[in-house]
Amino acid sequence: MAVDRLPPNLRLALPDAAQSYEQDAEWCVVDDGSGWRELRFHDYHEIYTVPGLYEKLFYEVLQCQSPPVVTDLLVEQMATERLDPAGVRVLDVGAGNGIVAEELRTRGVTKVVGVDIIPEAAMAAERDRPGVYDDYRVVDLTTLDVDAAAEIAGGGFDALTVVAALGFGDIPPEAFRVAFDMVRVDGFVAFTIRDNFLSETDTSGFAGLIRSMMESGELEELGAVTYQHRLATTRQPVHYRAIVARKRRPRD
Numbered sequence: 004m005a006v007d008r009l010p011p012n013l014r015l016a017l018p019d020a021a022q023s024y025e026q027d028a029e030w031c032v033v034d035d036g037s038g039w040r041e042l043r044f045h046d047y048h049e050i051y052t053v054p055g056l057y058e059k060l061f062y063e064v065l066q067c068q069s070p071p072v073v074t075d076l077l078v079e080q081m082a083t084e085r086l087d088p089a090g091v092r093v094l095d096v097g098a099g100n101g102i103v104a105e106e107l108r109t110r111g112v113t114k115v116v117g118v119d120i121i122p123e124a125a126m127a128a129e130r131d132r133p134g135v136y137d138d139y140r141v142v143d144l145t146t147l148d149v150d151a152a153a154e155i156a157g158g159g160f161d162a163l164t165v166v167a168a169l170g171f172g173d174i175p176p177e178a179f180r181v182a183f184d185m186v187r188v189d190g191f192v193a194f195t196i197r198d199n200f201l202s203e204t205d206t207s208g209f210a211g212l213i214r215s216m217m218e219s220g221e222l223e224e225l226g227a228v229t230y231q232h233r234l235a236t237t238r239q240p241v242h243y244r245a246i247v248a249r250k251r252r253p254r255d
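Pasting the structure below:
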């Protein structure tokens, strides 16, 4: 998981653990040799420009578990249905610098296409994990026309992964829907989402979307687990839910 090119003089500090922030407002201060600067955790375009910073912050310091949890759950479902991961073509949305693709490949998946809206994410994936994606597209899924979506889908994906990217505006419900439409019927859909984004009080739109897709028969849940996604800056656990489902029919 570590990136060898992490600057040897990189310093990172979190705010006082007694101070609580909303998850999309959490921040740290970083010094890569040019002086201290403050970065919000969702300033991905800045975080990705520093080799190894993403891994150090989220995986070493905050102990993120989402990529292995959801990829294990997905591959276990494939094994249950006697599907060879090597024959599965996966669309990884919110691909970032390729950590999920790396986890998929270690579990036998050989065909992965990445999509992210941030150009710096694509550059970081090529820098940090060259070759984990067969193709990587920098695109806003909410503005994608039908022809462009069909060109990316290339006949349909066998699985969709969206890991630690839903519910905070990074990937809105409309983008998830577009990605879902690129999955063939009976393909897998694996994603993680914070528990409260699936509750009755959710205002992100995801609870309603997922509920309607399941009630309409578009989506069938196969397995789910609640787990510790990572630590907050308070050093308290942040719990997410990982869900693996199958697309049973296209939308009306």
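Numbering-wise (our numbering), the sequence shown opens with residue 4 and increments by one. Positions of the beta carbon are idealized from the N, C-alpha and C atoms, including for glycine.
Answer yes or no: do residue i and residue j have a C-beta to C-beta separation smaller than 9 Å?
i	j	result
VAL116	VAL78	no
VAL76	ALA193	The sequence shown places Leu at residue 76, not Val. In this structure, ALA193 lies closer than 9 Å to LEU76 by Cβ.
ILE97	ILE174	The question names Ile, but residue 97 is Gly in the sequence shown. Yes; because the gap between Cβ atoms is below 9 Å, this pair is in contact.
PHE160	ARG187	yes
LEU13	GLY36	yes
GLU106	PRO133	no
ALA227	ALA245	yes
MET81	PHE183	no
Please list, in chain order, all residues of the same chain as residue i whose beta carbon is under 7 Å from its beta carbon, the five residues on each side excluded.
i	result
ALA16	CYS31, VAL32
ALA125	ASP119, TYR139, VAL141
Could you compute how far the alpha carbon of residue i sits from the alpha carbon of residue j?
i	j	result
VAL6	ASN100	Confidence in VAL6 is poor, its pLDDT being 44 and thus under 50, which makes the residue's placement too unreliable to answer from.
THR3	PRO253	The structure shown does not extend to residue 3, since the chain is modelled only from 4 through 255, so no value can be given for it.
ARG43	ALA167	16 Å
GLU274	ILE50	Absent from the structure is residue 274, since the part of the chain shown begins at 4 and ends at 255.
CYS67	ASP189	30 Å
MET4	GLU58	Bear in mind that the predicted position of MET4 carries a pLDDT of just 43, short of 50, making it too unreliable to give a figure here.
TYR243	ARG85	28 Å
PRO18	TYR47	18 Å
LEU60	GLU129	20 Å
LEU135	VAL165	Checking the displayed sequence, the identity of residue 135 turns out to be Val instead of Leu. In a straight line, the C-alpha of VAL135 is about 16 Å away from that of VAL165.
ARG92	ALA153	15 Å
Would you please state the rounded distance, in angstroms, between the beta carbons of residue i and residue j? I believe it to be under 8 Å.
i	j	result
LEU225	ARG249	6 Å
LEU144	ALA104	Not quite, the Cβ-Cβ distance comes to about 18 Å (not below 8 Å), so this is no contact.
LEU94	MET216	Contact doesn't hold; Cβ gap of about 17 Å is too wide.
Just to confirm my understanding: we take residue i, look at its own chain, exclude 5 residues before and 5 after, and list those with CB closer than 6 Å. What are they?
i	result
GLU29	PHE44, THR236
LEU56	ILE50
I'd like the list of long-range same chain contacts for residue i, defined as Cβ closer than 8 Å, with 5 residues on each side in sequence excluded.
i	result
VAL241	GLN26, ARG197, GLN231, HIS232, ARG233, LEU234, ALA235
Subject >> Runs of beta strand (DSSP E) wholly within the stretch 129-212 (minimum 3 residues, chain order) >> reply: 138-141, 160-165, 186-197
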